[in-house]
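Enquirer: Just so you know, we're using the numbering used here here: the sequence shown kicks off at 2 and counts up by one.
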Amino acid sequence: MSAQTGPPATTLRAILLRSQRLVEPALRKAVLELHPAPGRIVSHAFGWCDEDGTPTDDQGGKGLRQALAVLGAEAVGAAAEVAVPAAVAIELVHAFSLMHDDIMDGDERRRHRASSWKAFGTGPAVLAGDALFALAIRTLAEAPGDRGGAALRQLTVTLGELVHGQADDLLFENRPWTGPGAVDLAEYRAMAERKTGSLLGSAMSLGAVLAGAPPEQVAALSRAARQWGVAFQGIDDLLGIWGDPRATGKPAHSDLRRRKKTLPVLAAISQDPAAGPRLAELLGGEGPAGEAEVRSAARLVEEAGGRAYALTEARRLLDAVFEELYAAPLATPAVDEFVALSESLLRHAG
Numbered sequence: 002m003s004a005q006t007g008p009p010a011t012t013l014r015a016i017l018l019r020s021q022r023l024v025e026p027a028l029r030k031a032v033l034e035l036h037p038a039p040g041r042i043v044s045h046a047f048g049w050c051d052e053d054g055t056p057t058d059d060q061g062g063k064g065l066r067q068a069l070a071v072l073g074a075e076a077v078g079a080a081a082e083v084a085v086p087a088a089v090a091i092e093l094v095h096a097f098s099l100m101h102d103d104i105m106d107g108d109e110r111r112r113h114r115a116s117s118w119k120a121f122g123t124g125p126a127v128l129a130g131d132a133l134f135a136l137a138i139r140t141l142a143e144a145p146g147d148r149g150g151a152a153l154r155q156l157t158v159t160l161g162e163l164v165h166g167q168a169d170d171l172l173f174e175n176r177p178w179t180g181p182g183a184v185d186l187a188e189y190r191a192m193a194e195r196k197t198g199s200l201l202g203s204a205m206s207l208g209a210v211l212a213g214a215p216p217e218q219v220a221a222l223s224r225a226a227r228q229w230g231v232a233f234q235g236i237d238d239l240l241g242i243w244g245d246p247r248a249t250g251k252p253a254h255s256d257l258r259r260r261k262k263t264l265p266v267l268a269a270i271s272q273d274p275a276a277g278p279r280l281a282e283l284l285g286g287e288g289p290a291g292e293a294e295v296r297s298a299a300r301l302v303e304e305a306g307g308r309a310y311a312l313t314e315a316r317r318l319l320d321a322v323f324e325e326l327y328a329a330p331l332a333t334p335a336v337d338e339f340v341a342l343s344e345s346l347l348r349h350a351g
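(1) Rounded to a whole number of angstroms, what is the C-alpha to C-alpha distance between Leu93 and Leu133?
(2) At which residue ranges does the segment 15-88 contain complete beta strand (DSSP E) runs of 3 or more residues, listed in the order of the chain?
(3) Please report the distance separating the alpha-carbon of Val231 from that of Val266.
(4) Return the first residue and the last residue of the alpha helix (DSSP H) that Thr179 is part of.
(5) Assuming contact is defined by CB atoms lying nearer than 8 Å, are Ala88 and Ala70 in contact in what I supplied?
(6) Hey, which unbroken runs of the alpha helix (DSSP H) at 4 residues or more fall wholly within the segment 205-282?
(7) Among Glu314, Val336, Arg308, which residue has its Cα nearest to the Cα of Glu324?
(8) Give me whichever residues DSSP pairs with Arg110 in a beta bridge.
(9) Excluding the 5 residues flanking Arg224 on each side, which residues of the same chain have their C-beta closer than 8 Å to its C-beta?
(10) If you draw a straight line from the alpha carbon of Gly288 to that of Leu257, how long is it in whole angstroms?
(11) Grab the span of the alpha helix (DSSP H) containing Val184 for me, first residue to last.
(12) Going straight from the alpha carbon of Glu338 to that of Ala151, what length do you get?
(13) Determine, using beta carbons only, whether Leu1 and Ala276 come nearer to each other than 8 Å.
(14) Are Leu342 and Ile16 closer than 8 Å when you measure CB to CB?
(15) Can you look up Glu324 in the DSSP assignment and give me helix, strand or coil?
(16) Would you tell me roughly how many angstroms separate the C-alpha atoms of Val340 and Ala74, rounded to the nearest one?
(17) Tell me whether Asp131 sits in a helix, a strand or coil according to DSSP, three-state version.
(18) Tell me whether Met100 is buried or exposed, calling it buried when 16 or more other Cβ atoms sit within 10 Å of its Cβ.
(19) Looking at Val83 and Ala1, is the spacing between their C-beta atoms short of 8 Å?
(20) For Ser44 and Ile104, I'd like the C-alpha separation in whole angstroms.
(21) Along the alpha helix (DSSP H) that carries Glu296, what are the first and last residues, could you check?
(22) Could you pull out every residue in the same chain whose Cβ sits closer than 6 Å to the Cβ of Pro39, ignoring the five residues on either side in sequence?
(23) At the level of alpha carbons, what is the spacing between Lys261 and Leu283?
(24) Buried or exposed: which applies to Asp238, given that a residue is buried once 16 or more other Cβ atoms fall within 10 Å of its Cβ?
(25) In whole angstroms, give me the CA-to-CA distance for Gln218 and Leu331.
(26) Give me the Cβ distance between Leu13 and Ser345, rounded to the nearest whole Å; I'm assuming they're in contact under 8 Å.
(27) Roughly how many angstroms separate the alpha carbons of Ala298 and Leu171, rounded to a whole number?
(28) Is it right to say Arg66 is buried, meaning 16 or more other beta carbons lie within 10 angstroms of its own, or is it exposed?
(29) Considering only the alpha carbon of each residue, which of Ala31, Arg247, Ser98, Gln167 lies closest to Leu141?
(30) Ignore the nearest five residues each way along the sequence and tell me which others in Arg176's own chain have a CB closer than 7 Å to its CB.
(31) Which term fits Leu33, buried or exposed, when burial requires 16 or more other beta carbons within 10 angstroms of its beta carbon?
(32) What does the alpha-carbon distance come out to for the pair Arg279 and Trp178?
(33) With DSSP collapsed to three states, give me the class of Ala329.
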């Protein structure tokens, strides 16, 4: 099935807004149950308030994961409302993972504002992340009906995979750029499927689990969204080098500045072996890379084919995902909306 089957990209905002209106009241209600101190950090992370607690009009992140949860429930013929506990739990886990990731990576900016550890301190940010984790578990455990246990079991598997992927990503930082021990593309894909794909797979399938969908439908949604997650990670890697800071909320070339081994860089080394030693020289030092280094590295990665490879790979993965979903026994309108989300993300990366 062609990727053009879905609705035009102008529906993207409508898709995200529909799920946000459904999920955000429940998400805010859950956060209000936290202790006020970590609760303020969480509200700041979601964009609901400033550092001093003053409410804002910021809508926070794009809400992709909660939209996937809603679409997953609708894809098996259930009402969108069934997916709300799953969507809330996924948003809480995602926020928890970002809080801790920012601490591990030393990222000072997140969504156009100071990251949680930078704004409130490392200890309070760790505690707020722990609070989010606990709240996500509770949210699914208390889901209406008798399917919360099955959903919770799936989420715990996802959390284990997420930690596995993050551990691999951290270990990549200390491995050489070239030669024995260098990170290859297969290792990158395995890391991306765990770190990003596992959570997106749960986002798409947990709503279906709460709806009582047959195992084959749940499995089809999970498989497709996991591979979508690998494409999404590649797109995120592209934005981490060439993304507009006004859209990403992070400085230009942020991943290169952190000397991070991402798909475009690894692909450049794979496509053009001569680029490897030059990139190792530019990015192999200690501490943040300088402005001249990151500009030269970005140019070299593009000239060696890394940017084109990452875009082509994302396109290939998305087309395969679309084929699988349209072939599965799923409600076509929900699949169409999922395609619209995907196409918009790919355009932003290109």
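C-beta: ideal position from N, C-alpha, C; glycine also.
Expert: Once the coordinates are examined:
(1) Cα to Cα, Leu93 sits roughly 5 Å from Leu133.
(2) Entirely contained in the segment 15-88, not one beta strand (DSSP E) run reaches 3 residues.
(3) 16 Å
(4) Where Thr179 is concerned, there is no enclosing alpha helix (DSSP H), given that its DSSP letter is neither H nor E.
(5) yes
(6) 216-243, 246-249, 255-258, 264-272
(7) Val336
(8) DSSP lists Ala115 as partners of Arg110.
(9) Gly202, Glu325
(10) 11 Å
(11) Note, Val184: premise wrong, no alpha helix (DSSP H); not H, not E.
(12) 26 Å
(13) In this structure the chain extends from 2 to 351, so residue 1 is not present and cannot be described.
(14) yes
(15) helix
(16) Distance between the alpha carbons of Val340 and Ala74 is about 16 Å.
(17) helix
(18) Classification of Met100: buried, given that the 10 Å Cβ count is 16 or more.
(19) Shown here, the chain extends from 2 to 351; a query on residue 1 therefore has no answer.
(20) 18 Å
(21) Position check: residue 296 holds Arg in this sequence, whereas Glu was assumed. Looking at the DSSP string, the run of the alpha helix (DSSP H) that includes Arg296 is 292-304.
(22) Within the same chain, Pro39 has close Cβ partners Leu128, Ala129, Ala132.
(23) 12 Å
(24) buried
(25) 7 Å
(26) 4 Å
(27) 21 Å
(28) buried
(29) Ala31
(30) Gly182, Ala183, Val184
(31) exposed
(32) 10 Å
(33) coil
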